[in-house]
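Position one of the sequence shown corresponds to residue 82 (our numbering), numbered consecutively onward.
We put the CB at the ideal spot given by N, CA and C, even for glycine.
Remember, predicted model here, so these are calculated numbers, not experimental data.
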Amino acid sequence: MFELEDEDQRGVFKPSMYKPMYVIPFRITDNVNRQPQNINPQRGNPPYKEYQNVESKFQVSLKTKVWQDFLGFKGDFWVAFTQQAYWQVYNGDLSRPFRELNYEPELMYVVPLQLSIGDFKWQMAGLSINHQSNGKEQLYSRSWNRIILMNAFEYNDFMFITRFWRRMSEKTQSDDNADILDYMGRSELTVSYNSKKHSFIFLMRNNLKFNKNNKGFGEFTYIYPVGKGGLRLFAQLSTGYGDSLIEYNHSQTSLGAGIMLSEF
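So, in C-alpha cells, the structure goes:
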C-alpha cells in the first residue's frame, strides 16, 4: 500500500488508490438519523427531516508520495484525500439530497520496517496529521483534527493495521463535537484476509473505556472478484456509532452491497 519494498518504489507525485473505492447503490439502515443532535449549546439542533432508511453510499480515496527517502532516511511523506458520500437518491420528496459528505485530507510519514519473527512481519510504522469534516453550516457542522500513530503487520494471508490517535484541542465555544472521542473512539483495528477468490475485511473502532461507557463501531466486508480485472462485488455490514461524522453520537446498523474498484 505504501511502496515498502525497494522494487515497489514509483517516485513522487504518482497518484494511487488509498482506501477502498466503491459504490453501494442500495444501503439500508435500522435507525436513520433524521435529526442530528448537537451538544454545543451555542449551536442547537437542526430541524427534523424525512430521510429514508434506504440510500446510496460511495467512497473515493487517493494518495500520492510527495517526498521519498526524507533527509536520507527510508521514510516517505505522503498526502491522501478520502471522500465519503451518503446520497438519498431514492428520496424524491426531498429532491434526492446528499444527506452527508465527509472530507478527509491527511499528511503521513511512513517508515518501512520489514521486521520478521517467523511468519509474522512488522511491515511499517507511520505518523499522520488527519483532518475530517463534513463542510456544513453550524447546525450540521462536524469536524476534528487528529495525530495518528499507524502500524501494519502481516501474518501469512492476514494483514493487521492499527491506528491510535490523539485529538488536537479546540476552543470550547467553537467545538461542534466536544465528546467525539467518547463515540468515535481513540483507536482503530483493521484485519483483512485475502485468498485467490475471497477477501474479508473487519474494521473496529473503540473508545477504550472498559466500563458501561464503552462505545465503538464495527464493520465487516466480504469481497468477491469479477473477471480478471480490478472489479469486485462486495457486501458490507456495519453497526455502532460514527458511521459518518454527522452520526458520531448516533448508533445504527446498516447493510449494503455494491461494486468495489480497489481494496486494502
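| Item | Value |
| --- | --- |
| Quick one: Cα of D260 to Cα of G310, how far? | 43 Å |
| Taking the continuous alpha helix (DSSP H) assigned at L262, which residues delimit it? | I261 to M265 |
| Within 10 Å of its beta-carbon, does L314 have 16 or more other beta-carbons around it, so buried, or fewer, so exposed? | exposed |
| If you draw a straight line from the C-alpha of W159 to the C-alpha of T302, how long is it? | 26 Å |
| In angstroms, rounded to a whole number, what distance separates the CA positions of N258 and K217? | 13 Å |
| State buried or exposed for K100, treating a residue as buried only when at least 16 other CB atoms are found within 10 Å of its CB. | buried |
| Do Y236 and Q278 count as a contact pair if the criterion is CB distance below 8 Å? | Residue identity differs from the one stated: residue 278 is Lys in this sequence, not Gln. No, the Cβ-Cβ distance between K278 and Y236 is not below 8 Å. |
| Assuming R108 and S137 form a contact by the criterion Cβ under 8 Å, report the distance between their Cβ atoms to the nearest whole angstrom. | 7 Å |
| Could you pull out every unbroken beta strand (DSSP E) segment of at least 3 residues lying fully inside the region 176-212, listed in chain order? | 179-198 |
| With C-beta atoms as the reference, is Y184 less than 8 Å away from Q169? | no |
| Given a threshold of 16 other Cβ atoms within 10 Å of its Cβ, counted over all protein chains shown, does D157 qualify as buried or as exposed? | buried |
| May I ask you to report which of helix, strand or coil DSSP gives S224? | strand |
| Under three-state DSSP, which class holds S97? | strand |
| Give me, in chain order, the residues of the same chain whose beta-carbon lies closer than 7 Å to that of Q219; leave out the 5 immediate sequence neighbours on both sides. | R124 |
| List the whole-angstrom C-beta distance separating D263 from K293, where the pair is believed to meet the contact cut-off of C-beta under 8 Å. | Rounded, the Cβ-Cβ distance is 12 Å, inconsistent with contact. |
| So, helix, strand or coil for I340, using DSSP? | strand |
| May I ask you to report which of helix, strand or coil DSSP gives F345? | Residue placement at F345 cannot be trusted, given a pLDDT of 44 that sits under 50; what the coordinates show is reported in the next sentence. F345: coil per DSSP, three-state reduction. |
| Can you give me the C-alpha to C-alpha distance between Q116 and N126, rounded to a whole angstrom? | 7 Å |
| Is it buried or exposed, Q254, if we count other Cβ atoms within 10 angstroms and call 16 or more buried? | exposed |
| V104 lies in the beta strand (DSSP E); which residues open and close that run? | Y103 to T110 |
| Using CA atoms only, rank isn't needed, just tell me which of F94, M249 and N288 is closest to R267. | N288 |
| Reducing DSSP to helix, strand and coil, say where S276 ends up. | coil |
| DSSP on I120, reduced to helix/strand/coil? | coil |
| Evaluate E328 with the Cβ neighbour count: other Cβ atoms within 10 Å of its Cβ, from every protein chain shown; 16 or more gives buried, anything less gives exposed. | buried |
| So E136 is in the beta strand (DSSP E); what residue range does that whole segment cover? | V135 to W148 |
| What did DSSP end up calling D87 once you bin it into helix, strand or coil? | helix |
| For E131, which of helix, strand or coil comes out of DSSP? | coil |
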